[in-house]
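Numbering (this note's numbering), first residue to last: 28 to 974.
Here is the structure we will look at.
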Amino acid sequence: MDIINSFSVLLVLLGILVTTNGQYLSNDITGGKGPRVVSLTIRSDILYRFAETVVTSTVVNELYDDRETTFDVSLPDAAFIANFTLEVDGVVYPGVVREKEAAKKSYEKAKKKGQSAGHVFHKPRDTNKFRVTINVAAQSEVTFVLTYDEVLQRKRGQYEHIVYIDPKQVVDQLLVEVFIYESRDITALRIPPVRNDILSNSFDHPTTNDLALVERPSPKTAYIRYNPSPAEQKKDSAQGVSGLFKVQYDVQRSLDAGDVYVVDGYFTHFFAPIGLKPLPKRLLFVLDVSGSMAFGRKISQLKEAMGQILEQINEEDSFNIIIFESDVYSWSNTMREANKTNIEMARAFVSSLDTQGGTNVHDALMKAINVLQENKQEGVDTPIVVFLTDGAPTVGVRDFKKILNSIDSHNKDKIQIFSLAFGDDANFNFLKKISARNNAFARKIYEDSDAPLQLTGFYDEISDVLLSKVSFTYLDDAVNLTSITQSQYPSFFDGSELVVSGRLNELEPDYNTLTMTVVGSGSNGIIELSTSTEIDNPNKHTPPDFKTRLEFSTIVEKTWAYLTIKKLMLEVLRTENPLLKDEIKSEAMRLALKYNFVTPLTSMVVTKPETRRVNDTNFDVQDDDAEALDDDTTDPKTAALTGSTGTLTNKGTLIKGGADNDPHFIVNVKGLDYAICFDVMGVEGDVYRLITDKYSGLTVNAKVVANKMAGDSNTSTHNHGEIKTFLGEIYIKRWRFVATITPKNITLMGETVDWTNGTRLSHGKTKLVVDQAGTMLVVIFNDRVAFLIMRHLKTPSQIRAGKVNFLGFYIVDYKGLSYHTHGLLGQFFRRHVTLKKTKNRKGKLMGRLRVSGNTQRARKVMATLGHRLNLATNMTVSCWMVQHNGGALIDGNITDYLVKSKASKDTDGIQLSIDIDENVDSKEAEVHKKENGLEMAETVEKLNDLD
């Protein structure tokens, strides 16, 4: 059957009613019977405040009929979707960002043809929900991958990255990983417990997440891992984990001009000094007390919040309160000092408020502006209006445009008007326009039990103004002034951060410094802070011992694009000129298409390719644009694994690498068109560590065997005297799962079976499958980790001549493993290798490679372009060959990967597995042995008890 034609997709972005700054992911299973979420992984990489989050969910339908499932993700309101893909039984269908109308036409065209199609669009709401409904065919699986980007905003003295988890069931593999690399030392790192989005100031709740692992590789980096087991998920509820996973942190600060980074013609400037005394404020609260505020608890919650806010007003401030319904009233005819007497009088006034009448927005705001402009104070202060309403205008001027124009004409002093939309009936788009045109922002206040905390939390953000009329100036004509996202700010609030980004003009080759000045009005007069920064080499910011997936060379430009689109969308709110509005939208759409962002002006379409077909036994190999070195070779990244029964692929995933023959290591790495090859000249009995990942509990070990001279046990050699060795045993251990594979048999959890054609074994969710020819074994874990083991058998006459049977080991999928994966093969999963220089020498093409990524030091390696036979594909592949057992290509020396040498006492498979675990790192192993104080026999006994 055609699996792809058995599903239909609906991709919709809807407004969120519960949270404005979170990520929500669920899988809706009708009636409790249907597709099951076997893996939900969320990885966030944060590099200099730029956060990229990838949500991956794999759903399996183990039933014998088709069932529907729903993939639900709530996005932070500031985030842009950057990518979405569907992977159905191994075939990947990517999303394409298009102009909204073109995307809609493409979606409708696909629907008419009966194809599977998805259309992702951004509805005009403050928060967004991403939803995909799909029909999963019987006995098949589908993987959803959603990527979104945002620049973290600093509020109340910290950055807060939020992931909202709600799979509505216990998940076999639930993993959240957050990688942070910042410009300054990270301070106040905190991971609260997972809970709902209702705010609480109760001391009854724990303050830390006991299930979250936190590592600090360096002062500027942090790694957070949340990986609750199914049993731990059930402790939360019968439906598993539900709530917000938060990471809160700040960076070290001082009284300076901030951090500026310049890469490839773009710059980003972060400004958040400390040590400044707050400015006096003139605060005017404009509160809606119309009849609708009597519904629910809104008026009582407003009174409670205002009582707390009034207590927090600084003594240097002055304030007043205006209430409005059909009419408008003032608590005082003038601004009042924030002394104890006035605060108590204002609290009594708020407590006596009653609700009645309609909603006269126009007159309330006109009165507020007049009061502040007529009651100016000597010296520097900041006038602020806090405007709260729960509905649209119903009395007086009700036309939105007339109200906006009236505010524009009356607000001569450019007073900041912060708007609060209380409840679902408030016209939030209208309030966003009011605030955008008056140098402020609007915020939703939800009708929940925590509404008072939402209100007081908002006030905390604007309670202290440290600088007013802040201006950013970039000297020497280095910056393209038209490209700057924002260079003038009316206020800098304590606990916040101002971010400016832009492009550079074309500079002279010897120009290597950007100079900037920040000027603002402080409590003691004008403050000027200046700094200079080098125009950076991107590699300068590559951390030596920690690296996120993000590249510094790209995030500066992407931050500029993100902030520019945000600025343009604000300008759309600020203008009523239709021609200017179209021009602004056109530029925003151009940037969104260039940088692949889903915005209010663009959409994403996911459609099944018309010519691509998938069936139960064969998968098409994806095209690859890399050119082969000559017509007789094939790029290793395009090769399928071919056996006697047809084509075996990793569901469309490229083979990462492997080790086979005597033994040749072939790995594909990011940054190179061709693979890298190296040989390991081991000795029979040596045991090498191929892969180790303490975070996912995985260890893969390989034991070396060697050819024998006919008639005795001596090893045979190559023509030049080297010992000809192979991989004779593969050992795989992951948590309680243990498997040993030899050319003769397969041992799973202590039970041994032969390599029978078509054998299928399983332990929990892990499956082992032998192909019909009996030459391939696939080991598949349920979280996107899969290996292929090839069996190479010699004839009886070859065995008598001293040849040996051996194995080949290949990595098919590794996405379920962590960034810290290591080993002879594992270290290359996140490694970056680039070709820096080539030279012909004696008819051979030599190359200088640069190795970077998840390694302690970047280094250069010499290699020769050659060929290797890939026994899994039976094809010759081109690769960069590195001599001397991998040389400088691998971390450390080849002996560092020896778990057991020939001189060691032989051990059985279980003991060998303990060697692997205890020697993840030679220094770490010694620490483990000292800490545990366990002899090998005791450790083996403990493992046997677990089994």
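Just so it is clear, CB atoms sit at the ideal spot from N, CA and C, and this is done for glycine as well.
Open item on the list: Pull the bridge partners of Q200 from the DSSP assignment, please.
Closed with: Mapped onto the sequence shown, residue 200 falls at position 173. Per DSSP, the beta-bridge partners of Q200 are S66.
Open item on the list: Below 8 Å on the Cβ atoms is my contact criterion, and I expect T483 with A332 to pass it. Report the Cβ-Cβ distance as a whole number of Å.
Closed with: On the sequence shown, position 456 is the one that residue 483 refers to. On the sequence shown, position 305 is the one that residue 332 refers to. Right, their Cβ atoms sit about 6 Å apart.
Task: 4 or more residues per run - each alpha helix (DSSP H) lying fully within the stretch 312 to 393 - done: Taken in chain order, the complete alpha helix (DSSP H) segments of 4 residues or longer contained in the stretch 312 to 393 are 325 to 339, 367 to 378.
Task: From E371, D417, P300, D277, residue whose alpha carbon lies closest to that of R324 - done: Counted from its first residue, the sequence shown places residue 324 at position 297. Among E371, D417, P300, D277, the Cα nearest to that of R324 belongs to D417.
Task: Those residues which DSSP pairs with L925 across a bridge - done: Taking the sequence shown and counting its residues from 1, one reaches residue 925 at position 898. Bridge partners of L925: Y715.
Open item on the list: Looking at the secondary structure, which residues open and close the alpha helix (DSSP H) in which Y501 lies?
Closed with: As a working mapping, residue 501 is identified with position 474 in the sequence shown. Careful: Y501 lies outside any alpha helix (DSSP H), inside the beta strand (DSSP E) at 492 to 501.
Open item on the list: Relative to the C-alpha of R363, which candidate in E343, L618, A375 has its C-alpha closest?
Closed with: Against the sequence shown, residue 363 aligns to sequence position 336. Ranking the options by Cα distance to R363, first place goes to E343.
Task: Whole-angstrom distance between K887 and G835, CA atom to CA atom - done: Within the sequence shown, the letter at position 808 stands for residue 835. Within the sequence shown, the letter at position 860 stands for residue 887. Those two C-alpha atoms are separated by around 29 Å.
TODO: Pull up the distance between the alpha-carbon of L775 and that of I592, whole angstroms please.
DONE: Here the question's residue 775 lines up with position 748 in the sequence shown. Here the question's residue 592 lines up with position 565 in the sequence shown. Going by the C-alpha atoms only, they are around 55 Å apart.
TODO: Determine the burial state of T865: buried for a count of at least 16 other Cβ atoms within 10 Å of its Cβ, exposed for fewer.
DONE: Indexing the sequence shown from 1 puts residue 865 at position 838. Taking a 10 Å sphere around the C-beta of T865, we find fewer than 16 other C-beta atoms and assign the residue as exposed.
Task: alpha helix (DSSP H) segment containing Q854, residue limits - done: Along the sequence shown, read from residue 1 onward, the residue named residue 854 stands at position 827. Taken as a continuous stretch (DSSP letters only), Q854 belongs to no alpha helix (DSSP H), as it is neither H nor E.
Task: Short Cβ contact (8 Å threshold) for L898 with M817 - done: Your numbering for residue 898 matches position 871 in the sequence shown. Your numbering for residue 817 matches position 790 in the sequence shown. Inclusion of L898 and M817 in the CB contact set at 8 Å is warranted, their separation being smaller than that value.
TODO: From the DSSP output, in three-state form, read off R530 for me.
DONE: As a working note, residue 530 is residue 503 in the sequence shown. The answer is strand: DSSP assigns R530 an E or B state.
- [ ] Using the DSSP secondary-structure output, state which residues sit across from I161 in a beta bridge.
- [x] Translated into the one-based positions of the sequence shown, residue 161 becomes position 134. Answer by DSSP bridge pairing, in chain order: T96.
TODO: May I ask you to verify whether the stretch 268 to 280 touches the stretch 500 to 514, counting CB pairs closer than 8 Å and requiring at least 3?
DONE: Counting Cβ pairs under 8 Å, fewer than three are found: no touch.
Task: Other residues of its chain near M320: CB distance less than 6 Å, five sequence neighbours each side excluded - done: Indexing the sequence shown from 1 puts residue 320 at position 293. Closer than 6 Å at Cβ, skipping near neighbours: I326, T382, D417.
Open item on the list: Between L431 and R470, how many whole angstroms is the CB-CB distance? I'm expecting something under 8 Å.
Closed with: As a first step, residue 431 must be located in the sequence shown, where it is residue number 404. As a first step, residue 470 must be located in the sequence shown, where it is residue number 443. Not a contact, Cβ separation roughly 19 Å.
Task: CA nearest to the CA of S905, picked from P770, A890, N551 - done: By 1-based counting over the sequence shown, the position of residue 905 is 878. Nearest Cα to S905 within the set P770, A890, N551: A890.
Open item on the list: Does K262 come out as helix, strand or coil in the three-state DSSP assignment?
Closed with: The residue given as residue 262 occupies position 235 in the sequence shown. Helix.
Open item on the list: Can you tell me whether D176 is helix, strand or coil according to DSSP?
Closed with: Position 149 of the sequence shown holds residue 176. It is a strand residue.
Open item on the list: Check this for me: beta carbons of K522 and W587, under 8 Å apart or not?
Closed with: Here residue 522 is taken as the residue at index 495 of the sequence shown, counted from 1. Here residue 587 is taken as the residue at index 560 of the sequence shown, counted from 1. In the sequence on display, residue 522 carries Gly and not Lys. The answer is no: Cβ separation not under 8 Å.
TODO: Would you list the residues sitting across from N867 in a DSSP beta bridge?
DONE: On the sequence shown, residue 867 is found 840 positions in, with the first residue counted as 1. As computed with DSSP, N867 is found in a beta bridge with L872.
- [ ] Kindly indicate the opening and closing residues of the beta strand (DSSP E) around F519.
- [x] Residue numbering aside, residue 519 sits at position 492 when the sequence shown is read from its first letter. 515 to 520 is the span of the beta strand (DSSP E), which, as asked, contains F519.
Task: Contacts around V355, its chain only, beta-carbon distance under 7 Å, and the 5 residues preceding and following it disregarded - done: What you label residue 355 is simply residue 328 of the sequence shown in a count that begins at 1. Within the same chain, Cβ atoms closer than 7 Å to the Cβ of V355 are found at I349, N387, D390, A391, K394, the five residues on either side in sequence being excluded.
Open item on the list: For a test of the three-state rule: what should DSSP assign to Y589, helix, strand or coil?
Closed with: Numbered from its first residue, the sequence shown carries residue 589 at position 562. Note: Y589 maps to helix in three-state DSSP.
Task: Reduced DSSP category for V806 - H, G, I as helix; E, B as strand; rest coil - done: Residue 806 sits at position 779 when you count from the first residue of the sequence shown. Strand.
TODO: Note the first and the last residue of the continuous beta strand (DSSP E) segment covering L113.
DONE: Reading the sequence shown from its first residue, position 86 is the one you call residue 113. 107 to 115 is the extent of the beta strand (DSSP E) around L113.
- [ ] State the start and end residues of the unbroken beta strand (DSSP E) segment that holds N897.
- [x] By one-based count along the sequence shown, residue 897 stands at place 870. Unbroken beta strand (DSSP E) run through N897: 886 to 897.
TODO: State the start and end residues of the unbroken beta strand (DSSP E) segment that holds L834.
DONE: If you number the sequence shown from 1, residue 834 lands on position 807. Per DSSP, L834 belongs to the beta strand (DSSP E) from 833 to 840.
Open item on the list: Just verifying my parser: in three-state terms, what is the DSSP assignment at V398?
Closed with: Counting from 1 along the sequence shown, the entry for residue 398 is found at position 371. Note: V398 maps to helix in three-state DSSP.
Task: Whole-angstrom distance between V172 and K979, CA atom to CA atom - done: The requested residue 979 is not part of the displayed model; the chain covers only 28 to 974.
- [ ] Kindly indicate which residue of G122, S167, A105, A78 has the alpha-carbon position closest to the one of E95.
- [x] Here residue 95 is taken as the residue at index 68 of the sequence shown, counted from 1. The candidate whose alpha carbon is nearest that of E95 is S167.
TODO: Along the beta strand (DSSP E) that carries E578, what are the first and last residues, could you check?
DONE: Position 551 of the sequence shown, counted from the start, is the residue given in the question as residue 578. Element bounds for E578: n/a, residue is neither H nor E.
Open item on the list: If you reduce the DSSP assignment to three classes, tell me which class I768 lands in.
Closed with: As a first step, residue 768 is located in the sequence shown; it is residue number 741 there, counting from the start. The answer is strand: DSSP assigns I768 an E or B state.
Open item on the list: For S446 and Q196, what's the separation of their Cα atoms in angstroms?
Closed with: If you number the sequence shown from 1, residue 446 lands on position 419. If you number the sequence shown from 1, residue 196 lands on position 169. One alpha carbon belongs to S446, the other to Q196, and they sit about 39 Å apart.
Task: Delimiting residues of the beta strand (DSSP E) encompassing A686 - done: Position 659 of the sequence shown, counted from the first residue, corresponds to residue 686. Under the DSSP assignment, A686 falls in the beta strand (DSSP E) whose first and last residues are 684 to 687.
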